[in-house]
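A.B. asks: Residue numbers (the UniProt record's numbering): 1 to 446.
1. Per DSSP, what kind of secondary structure is residue 363 in: helix, strand or coil?
2. Return helix, strand or coil for residue 51, following the three-state DSSP convention.
3. Ignore the nearest five residues each way along the sequence and tell me which others in residue 216's own chain have a CB closer than 6 Å to its CB.
4. Report yes if the CB atom of residue 289 is closer than 8 Å to the CB atom of residue 254, and no otherwise.
5. Taking all protein chains shown into account, do 16 or more other C-beta atoms lie within 10 angstroms of the C-beta of residue 278, making it buried, or fewer, making it exposed?
6. With a threshold of 7 Å on Cβ separation, who are the neighbours of residue 201 within its own chain once the five nearest residues in sequence on each side are excluded?
7. Within a Cβ cutoff of 7 Å, which residues of the same chain sit near residue 414, ignoring the five residues on either side of it in sequence?
8. Taking residue 314 as the reference, which of 209, 265 and 223 has the closest Cα?
9. For residue 266, count neighbouring Cβ atoms within 10 angstroms of its own Cβ and tell me buried if that reaches 16, exposed if not.
10. In the structure shown, what three-state DSSP assignment does residue 195 receive?
11. Per DSSP, what kind of secondary structure is residue 428 in: helix, strand or coil?
12. Can you tell me the Cα-Cα spacing of residue 127 and residue 6, whole angstroms?
13. Return the first residue and the last residue of the beta strand (DSSP E) that residue 312 is part of.
14. Output needed for residue 431: all residues of its chain with C-beta closer than 6 Å, excluding positions within five of it in sequence on either side, in chain order.
15. For residue 94, report the span of its alpha helix (DSSP H) as first-last.
16. According to DSSP, residue 229 sits in a beta bridge with which residue or residues?
17. Taking only the alpha-carbon atoms, compute the straight-line gap between residue 236 and residue 136 and give it to the nearest angstrom.
18. Got a sec? Which residues, its chain only, sit under 6 Å from residue 40 by beta carbon, not counting five neighbours each side?
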């Protein structure tokens, strides 16, 4: 045995500890983060117990509210500092996070305790906890911390990201003229001969994203511009990108069919860099006015710009002078998470009865209630289930048949009023899929 060294700081002895807490994260001497996960798990369980004490097991609060509380409270608490400890979770971390998540899945769905975790995740649209936290760790690392990620995670480079602007773009005393921005339909100004009308629009279809604007002067189309944008450009990019290409006219009226773009461009505290550029252009050119126009209402200028934008999605010149917006950065890690979840669900060895009904995962929960989960998972008060888990000596129904969910729904003499047509053995899976998609059929099993 070798005595550990004695450490002092300014005459004070510093005690050796196996773990410490810093900024809400527990760090242990092995740096495996299991101490932090255990502490967060204990905190989550206490919150669940308090919630059950208030609302009851399956009464007092609806399933959608239980789902919302988990996503907005429990999951947020567990995700604290995930970029520091869940970027590359180990197998032990995944197992522990799964055990923390499982009680909440059971509480939300009202399912039997033996229902597979993977099946509950798919039914409720809740990804495995380690995947959800890893997704958030990836997003935080690349967007907020600007830390490059491995190529298998994302091909996005930090220098391609749009920076989030903060503070005021100009001095607070500098603001746009009251008549520069209008949210009333600007179609009435089109007929005025002394105003140069500029119409802008964007189009996002399966072929890509296009943006265009055209200038109407004295009933003559004097100028037009269109370009094909990258697929990640948002509507805001499509609507305001024209500002850097506007002809140098003294007086013009810009017609935009997107209110959000107008509001962002007229806000001196907008966090969008492109919107701030638009604001500065408007501030230095008070004769340039922006007006909202109703889309697809027969406005000749808006329809022309819309057609130009649609053509640009296939034949326009590429325009790549824009940075990657936040929705795109958020979307790629989410897509990666869904792919990993789908692979895990497809190759898993549990929850196969639910997999045969729902082979694809989704972040949107199904509208199944507790009875639906029990019926389709076949984990419930059925003789066949009780016999399988050694809770009964027989798997026979009182009528003499095997007590499965299909038996009670189609042929048991004690449930004749709720019977549905029994499928052939080869079509049982297809029958179950049709029942899940038919509300009337599902109501019979409630």
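All C-beta atoms in this analysis are idealised placements derived from N, C-alpha and C, irrespective of residue type, glycine included. Note that the structure is a prediction, hence the values are computed from the model and not measured.
C.D. replies: Straight from the coordinates:
1. Correct three-state label for residue 363: coil.
2. The answer is helix: DSSP assigns residue 51 an H, G or I state.
3. Non-local beta-carbon contacts of residue 216 in its own chain, meaning distances under 6 Å to residues more than five positions away in sequence, involve 197 and 301 in chain order.
4. yes
5. buried
6. 212, 257, 302, 305, 306 and 309
7. The residues are 398 and 399.
8. 209
9. buried
10. Residue 195 falls in the coil class under three-state DSSP.
11. helix
12. 47 Å
13. No beta strand (DSSP E) contains residue 312, which is instead part of the alpha helix (DSSP H) from 300-315.
14. 423
15. 91-109
16. For residue 229, which the question treats as bridged, DSSP gives the partners 209 and 319.
17. Its pLDDT being 47, under 50, residue 236 is placed unreliably by the model, and nothing is read from it.
18. 78
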